[in-house]
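Notes to accompany the following structure.
In the working numbering, the protein residues as written are 56 to 204.
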């Protein structure tokens, strides 16, 4: 017995998901909470929450953001996915919970025919991501701030 059960996230879970993303109720949590609520309703964010058996306290979660990217040379499927909001409460780490949540994300992407999944890796989660087949992609570039040259 694992001591937890996993369920799909619903729009009313948006505050929990936002708190996990920001690990506290920071100023960024409120706009993100509104976005997650809407994205869950529209089916563009798919999430899973782990709860303690009996009490139902949320102890972890993970999400999959679906992105309509367009077909590429490597895939005719226009959809890509990004794993986000992977979080496990400290007392529940190293028990297989994060792995289970990530596998649910990957299975969902696979079931949708999505063959490219990305994520932003923290040092804490990097080894697990690598064990599940993720590799560092160094070709990505990003520009932030005012975009007019």
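For each residue, glycine too, the CB sits at the ideal point set by N, CA and C.
Note that this is a predicted model, so its numbers are computed, not measured.
Query, Result
"Sequence-distant residues of its chain with Cβ nearer than 6 Å to residue 71 (five each side left out)", "113"
"Residue 76 versus 189, 64, 150 and 142, residue with shortest Cα-Cα distance", "142"
"Cα-Cα separation, residue 136 to residue 127", "14 Å"
"Unbroken stretches of the beta strand (DSSP E), 3 residues or longer, contained in the region 98-178", "100-107, 113-123, 134-143 and 172-174"
"Alpha-carbon spacing of residue 86 relative to residue 74, whole angstroms", "12 Å"
"For residue 194 and residue 88, the rounded distance between their alpha carbons", "31 Å"
"Span separating the alpha-carbon of residue 92 from that of residue 101", "11 Å"
"Simplified DSSP state of residue 57, which is helix, strand or coil", "coil"
"Selected residue, minimal CA-CA separation from residue 191, among 67, 198, 175 and 116", "175"
"Opposing strand residues paired with residue 62 [DSSP bridges]", "104"
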